[in-house]
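Numbering (the numbering used here), first residue to last: 305 to 588.
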Amino acid sequence: MPIFDTYDGTALAYHVRGEGEPLVCLPGGPMRASAYLGDLGGLTAGRTLILLDARGTGGSAVPADTSTYRVDHQVADVEALRLHLGLERMDLLVHSASGNLGLLYAAAHPERVRRLVLLTPTSWAVDLESPPEQSLEVVRSRSGAEPYDSAIAAYERMLAADGAPSPQDRREAMVLAYGRWDERARAHRDASDGERNAAAAALYAGPGAFDPPATRAALRLFGGEALVLAGELDGYPAPGLAAELAELFVRGTAEIQTGAGHFPWLDDAEWFAARVERFLATGA
């Protein structure tokens with residue numbers, strides 16, 4: 305597990321898997337260790353995955369100043385990793401909450417990203433968010449059988465809780481994050497509690513983290529290509545958001561993976577890996 309010092313002296317860890325051209329990968333959560341990304345559906349067959357553990361997660365150290373958990377401060381961590389790896393330009397994959405980090409990094413360093421994969425991303429950085437009724441429409445499409453009915457009820461209670469859901473409801477609703485609920489999905493969910501830094505997550509999108517008009521304007525200057533890949537069954541962010549996000553890029557495209565949830569590489573690894581690899585090799 306290689307380790308490097310970022311801009312403020314915090315020691316950050318990353319994991320190297322696979323062979324081929326490097327693909328820098330930023331995990332979501334927010335503030336979940338990169339272990340849950342696995343081999344991203346077999347992308348390791350043609351790519352060297354550089355999986356960063358964000359500060360305070362996985363093998364990375366806790367920063368002296370915990371205010372640096374805020375996502376805009378972590379842009380400098382990504383830049384420090386690029387410099388450490390000696391990459392003039394890099395391909396970058398971001399998942400879920402790290403969609404915001406990827407957007408902020410591309411806006412701040414547009415010349416340093418060749419191709420950007422935004423995988424079931426949240427997009428608070430550009431003021432895009434799935435409205436509750438859109439998310440409910442997606443998750444309710446799975447009603448009629450357990451465990452989905454119970455998970456939908458938990459999801460509805462979470463929305464009604466106005467940002468303070470119970471841990472039990474959050475856990476039960478996680479069933480909806482997977483295209484199919486099987487033993488592999490259950491193990492993946494169960495591992496999340498030990499991989500996520502909840503205190504850091506609470507600071508991730510804190511006041512001052514985002515300036516959506518400035519970020520949107522900066523992304524119009526991004527000369528690389530962007531792929532927004534959403535899951536058909538993902539309630540948050542709902543797939544309808546993908547096209548809106550892709551349109552913010554001069555060279556952006558959106559793709560919906562059929563039958564996939566929030567972790568699409570687990571639902572159809574072959575399709576997922578082929579689609580991402582094709583984008584990385586040939587562009588949008």
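Here a beta-carbon is modelled for each residue, glycine too, at the ideal position from N, C-alpha and C.
- Gly528 and Val417 have their alpha carbons spaced roughly 6 Å apart.
- For Leu389 and Asn501, the gap between their C-alpha atoms comes out near 26 Å.
- Here the segment 451–467 makes no contact with the segment 548–557; the two share fewer than three CB pairs at distances below 8 Å.
- Ser427 and Leu545 do touch by the CB rule: their CB atoms are close to 7 Å apart, below 8 Å.
- Counting only the Cα atoms, Leu525 lies some 34 Å from Asp571.
- Using a Cβ distance threshold of 8 Å, Ala477 and Ala455 count as a contacting pair.
- The C-alpha of Pro451 is placed about 33 Å away from the C-alpha of Gly406.
- The alpha carbon of Leu385 has as its nearest neighbour, out of Asp538, Ala518, Gly313, the alpha carbon of Gly313.
- For secondary structure counted as the alpha helix (DSSP H) over 4 or more consecutive residues, the segment 484–567 holds these complete runs in sequence order: 487–499, 502–508, 516–523, 545–550.
- Contact between Leu347 and Gly322 holds, since their C-beta atoms are separated by about 7 Å, short of 8 Å.
- Of the candidates Pro367, Phe514, Ile354, Trp575, the residue whose Cα lies closest to the Cα of Ala564 is Trp575.
- The C-alpha of Arg336 lies about 15 Å from the C-alpha of Thr424.
- Take Pro516, set aside five residues on each side of it, and the residues of its chain with a beta-carbon closer than 6 Å to its own are Val430, Asp431, in chain order.
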